[in-house]
Amino acid sequence: MDPFLLEAVLNGVLLGGVFALPVLGLNLVFGVVDVIWLCYAELVMVGMYIVWFLHTQAGWPLALAFATCLPAIAVLGLLLHLLVVRPLLAAPPINQVLATGGVLFVLQGAATLVFSTDFRSLGVEMPPIELGEVFVSGTKLAAFVAALLGAAVLWAFLKFTYVGTAIRAIARDREVMPLMGVDPHRIYLIASAAGGALAGLAACLLVVQLDVHPFVGLSFGPITFMICVMGGLGNMLGGFLAAFLMGLIVSVGGFYGDTDMSYVVAFLFFILVMFIRPQGLFTR
Amino acid sequence: MHGNEITRRGLVQAGAALGLAATVPAAARAQGPARGEPLRVGVMTDLSGPFAGAGSQPLFWGAEVAIEMFNERGGVNGRPVQAVTADSQSKADTAINEAERLLGQEGLEVVTGIYSSAHAVPLSGRFEQARKIMWITSAISSAVLKDRHLRYVFRPTVHSDQYAEGSIAFIREHAQKGLGMAPERVRLATIYEDGPYGTGVSSGLEAQAKAHNMNMVLKEAYSATAADLSTLVTKLRRERPDVMLHVGYNPDITLFLRQAKAGGLRFKALIGHGAGYSQIDRLTETFGKDVNHFCNVDPAATEMLDWEKLRPGVGDLAKVFVERFRAKHPMRDLPTHASMGFNNTWIFLENVLKPAVQKTGGMSADALREAALQVDIPVGGTIQGYGVKFNPPEDVMAGQNARSIAVVMQFEDGKSHVVWPDAIAGRPPVLPLPSTNAFAARS
Numbered sequence: 001m002d003p004f005l006l007e008a009v010l011n012g013v014l015l016g017g018v019f020a021l022p023v024l025g026l027n028l029v030f031g032v033v034d035v036i037w038l039c040y041a042e043l044v045m046v047g048m049y050i051v052w053f054l055h056t057q058a059g060w061p062l063a064l065a066f067a068t069c070l071p072a073i074a075v076l077g078l079l080l081h082l083l084v085v086r087p088l089l090a091a092p093p094i095n096q097v098l099a100t101g102g103v104l105f106v107l108q109g110a111a112t113l114v115f116s117t118d119f120r121s122l123g124v125e126m127p128p129i130e131l132g133e134v135f136v137s138g139t140k141l142a143a144f145v146a147a148l149l150g151a152a153v154l155w156a157f158l159k160f161t162y163v164g165t166a167i168r169a170i171a172r173d174r175e176v177m178p179l180m181g182v183d184p185h186r187i188y189l190i191a192s193a194a195g196g197a198l199a200g201l202a203a204c205l206l207v208v209q210l211d212v213h214p215f216v217g218l219s220f221g222p223i224t225f226m227i228c229v230m231g232g233l234g235n236m237l238g239g240f241l242a243a244f245l246m247g248l249i250v251s252v253g254g255f256y257g258d259t260d261m262s263y264v265v266a267f268l269f270f271i272l273v274m275f276i277r278p279q280g281l282f283t284r
Numbered sequence: 285m286h287g288n289e290i291t292r293r294g295l296v297q298a299g300a301a302l303g304l305a306a307t308v309p310a311a312a313r314a315q316g317p318a319r320g321e322p323l324r325v326g327v328m329t330d331l332s333g334p335f336a337g338a339g340s341q342p343l344f345w346g347a348e349v350a351i352e353m354f355n356e357r358g359g360v361n362g363r364p365v366q367a368v369t370a371d372s373q374s375k376a377d378t379a380i381n382e383a384e385r386l387l388g389q390e391g392l393e394v395v396t397g398i399y400s401s402a403h404a405v406p407l408s409g410r411f412e413q414a415r416k417i418m419w420i421t422s423a424i425s426s427a428v429l430k431d432r433h434l435r436y437v438f439r440p441t442v443h444s445d446q447y448a449e450g451s452i453a454f455i456r457e458h459a460q461k462g463l464g465m466a467p468e469r470v471r472l473a474t475i476y477e478d479g480p481y482g483t484g485v486s487s488g489l490e491a492q493a494k495a496h497n498m499n500m501v502l503k504e505a506y507s508a509t510a511a512d513l514s515t516l517v518t519k520l521r522r523e524r525p526d527v528m529l530h531v532g533y534n535p536d537i538t539l540f541l542r543q544a545k546a547g548g549l550r551f552k553a554l555i556g557h558g559a560g561y562s563q564i565d566r567l568t569e570t571f572g573k574d575v576n577h578f579c580n581v582d583p584a585a586t587e588m589l590d591w592e593k594l595r596p597g598v599g600d601l602a603k604v605f606v607e608r609f610r611a612k613h614p615m616r617d618l619p620t621h622a623s624m625g626f627n628n629t630w631i632f633l634e635n636v637l638k639p640a641v642q643k644t645g646g647m648s649a650d651a652l653r654e655a656a657l658q659v660d661i662p663v664g665g666t667i668q669g670y671g672v673k674f675n676p677p678e679d680v681m682a683g684q685n686a687r688s689i690a691v692v693m694q695f696e697d698g699k700s701h702v703v704w705p706d707a708i709a710g711r712p713p714v715l716p717l718p719s720t721n722a723f724a725a726r727s
């Protein structure tokens, strides 16, 4: 096999790992609460700033900065639910989308005011892994492994805990579960916190790969939403698989065509999926 | 900027200053000894969004200093210039809406600034239609003016074809001695952001390479907001370029360099083309010595020039500007955009606005246009070294400054040094990249 093609395939798989975590978080929240957090990429951006600030400005060890970022963004997810989403639970979906869209601009504006538009770099690098002609980024590989671990923890939580079972049940039937003694608002809070924590984890993985600035969400936010829809909104396994599929399309498409064209191919594929399986690629 | 240090006090001050700037009307910001009826001039730049960090912010700061100094020196017969500011937020639609506001609600006759070529292309048509002056201080795409015969759009700075000419001429002149090969054997690769800026410069690079029978092994576009460029790095590594030609903003430049380093891409030289590559403080902050001996094509920042060689009085103006700018915005090396913001605004204020108002008593767009076409500044007459003479409407590049000059500079320990053209170069270039550089091609 052409080593450069092999490298492009590996790049695609690693890129899928980057997309997977925010996709899981978004799907978790949407599946349970039935609200799209349009500002999800901006929660990730806030998390990236937290890690950057604690590590480079406050001098905290990176592991401690990461460990702080997760609960901090989980709390932000909780606040988002309590202050913005919960009052609008009975409102038309467009109101909910506009409200979380408003939070997007608030977070971008607040980051601009506090940190300016400068690009902030964490300055952390891992040496590449060289396998003959094939180079694999050490940073991306570490992020990929962490993403898989995060997804595995989420899966175990949903599969083997009582709360996880309740979350899955609510996601399946929002009307019936309250009749069976499950408090939906408590589950919404837990799902929002878990969705926030996943954004926090995504922030930890992205901040070592991308410079942080108030508009960094533009780099991965739109494609994250597209992957969610392609995998089936609310379908976590579908979203997870779609993230890797999209990573491969972008990477291998870019290898055979050009970088810009790879996204055109990805969007065409998305449109095709919407025509053939509007409910999502992996929804039964 | 100067390191990453953010103190609590700094945060509060920055927040307070930005908050204040957002709430205080532009009218209240113009101050100085000039006290008469203000002359209102639009200043539109990108103060938020990705372009802000790629040079648009220092472009605005430079313009601010120019207006401040102009007013301190009495403005025009005692009338101060009042900046009416607009933030185009790195979005073309916002730029268009803000231009409509400045022309409609504010009733301005002239708008200066315009960082991005992606904004300048659509805006230029609107200004021409409205018969109001658009004074471009940064956007470089040749497509803004080429073959359009615009009468109300002026650009004192260089255009994208000049970047390409400078870049390829530099390689041709130094290939044999610096890279140890004939120019025709040098393997060139061009990557560029896919907007009018990147497309304009890269087309020029391709045309220049073809005209000189040089080997372009890869030419590829990418989105400036791309989250991943690792496959592009893979393809570049497959093509083994000797010289990388990169046209980018930021953070795409840092993303590319980071992934290029991790992806094992090595080359003998890298030449950037303004925008993100002109933010030397940021590049050094992120990559340290890894960007040592990278080259960049742009108009010269004034600090790179020997002020003694400029026309009488120009060096003094440059000195005051640099001191004033650095006092307000401490930086190790002033980015080129700071000089561009100051210089191109100063040219407008001193050489267009002042004579137009003195001659007609007002500042109608037509009076400004007449004054602009009369500007005749010899080489060495501005703080960036170039002269000013605008091409007339019948010229293929009407409105372009025919005396603008691009130089090639090289980075070393956070400072930029002019290395081309030889006539004004302060030192010879270091080619190829020394073996200690993380990007240096392995022999």
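If you're matching them up, the sequences are chains A and B in order.
Be aware that the first sequence starts at 1, since it is given in this note's numbering, and climbs by one per residue.
Be aware that the second sequence starts at 285, since it is given in this note's numbering, and climbs by one per residue.
From the three backbone atoms N, C-alpha and C, an ideal C-beta is built for every residue, glycine too.
All figures in this text were calculated on a predicted structure; none of them were measured in a lab.
With H, G and I counted as helix, E and B as strand and the rest as coil, what does DSSP make of residue i?
i                 : result
Thr644 of chain B : helix
Gln694 of chain B : strand
Arg521 of chain B : helix
Asp582 of chain B : strand
Thr424 of chain B : Per the sequence presented here, residue 424 of chain B reads as Ile, with Thr not at that position. Coil, per DSSP.
Gly397 of chain B : strand
Asn721 of chain B : coil
Gly326 of chain B : strand
Val208 of chain A : coil
Ala505 of chain B : strand
Tyr561 of chain B : helix
Asp371 of chain B : strand
Phe335 of chain B : helix
Quick check: what's the CA-CA separation for residue i versus residue j?
i                 : j                 : result
Leu98 of chain A  : Leu26 of chain A  : 16 Å
Asn355 of chain B : Arg653 of chain B : 22 Å
Asn235 of chain A : Asn576 of chain B : 48 Å
Phe626 of chain B : Tyr481 of chain B : 21 Å
Leu205 of chain A : Gln108 of chain A : 20 Å
Leu268 of chain A : Ala8 of chain A   : 20 Å
His458 of chain B : Ala448 of chain B : 16 Å
Arg687 of chain B : Phe674 of chain B : 8 Å
Pro127 of chain A : Thr139 of chain A : 8 Å
Glu130 of chain A : Leu14 of chain A  : 16 Å
Answer with yes or no whether the minimum CB distance from residue i to chain B is below 8 Å.
i                 : result
Thr68 of chain A  : no
Asp34 of chain A  : no
Gly254 of chain A : yes
Ala243 of chain A : no
Glu42 of chain A  : no
His55 of chain A  : no
Here's the rule: buried if 16 or more other CB atoms are within 10 angstroms of the residue's CB, otherwise exposed. What is residue i?
i                 : result
Gly16 of chain A  : buried
Tyr670 of chain B : buried
Thr720 of chain B : exposed
Gln543 of chain B : buried
Ala584 of chain B : buried
Compare the C-beta of residue i with all C-beta atoms of chain A and state if any pair is closer than 8 Å.
i                 : result
Leu539 of chain B : yes
Thr474 of chain B : no
Met285 of chain B : Unreliable placement is indicated for Met285 of chain B, whose pLDDT of 36 sits below 50; the coordinate value is still reported in the next sentence. Chain A contact via Cβ: present.
Leu489 of chain B : no
Pro716 of chain B : no
Glu348 of chain B : no
Ala513 of chain B : The displayed chain sequence assigns Leu, not Ala, to residue 513 of chain B. Cβ-Cβ to chain A under 8 Å: yes for Leu513 of chain B.
Out of the options, which one is the CA nearest neighbour of residue i?
i                 : options                                   : result
Phe438 of chain B : B:Ala707, B:Ser719, B:Asn685 and B:His557 : B:Asn685
Glu729 of chain B : A:Leu205, A:Val13 and A:Val124            : One cannot answer for residue 729 of chain B here, as it falls past the ends of chain B, which runs 285 to 727.
Val85 of chain A  : A:Tyr263, A:Met261, A:Cys39 and A:Phe244  : A:Cys39
Glu348 of chain B : B:Phe609, B:Gly488 and B:Ser514           : B:Phe609
Lys416 of chain B : B:Ser422, B:Leu407 and B:Leu343           : B:Leu407
Arg363 of chain B : B:Trp591, B:Ile555, B:Lys638 and B:Lys643 : B:Lys638
Glu133 of chain A : B:Pro342, B:Arg522 and B:Lys375           : B:Arg522
Gln366 of chain B : B:Ala414, B:Tyr447 and B:Leu323           : B:Leu323
Phe244 of chain A : A:Pro3, A:Leu5 and A:Leu10                : A:Leu10
Leu83 of chain A  : A:Tyr49, A:Ile170 and A:Gly102            : A:Gly102
Pro71 of chain A  : A:Ala193, A:Pro278 and A:Val229           : A:Ala193
Just to confirm, does residue i get its C-beta within under 7 Å of one of the non-hydrogen atoms of the ligand SAM?
i                 : result
Ala171 of chain A : Here there are no bound small molecules, and the ligand SAM is not part of this structure.
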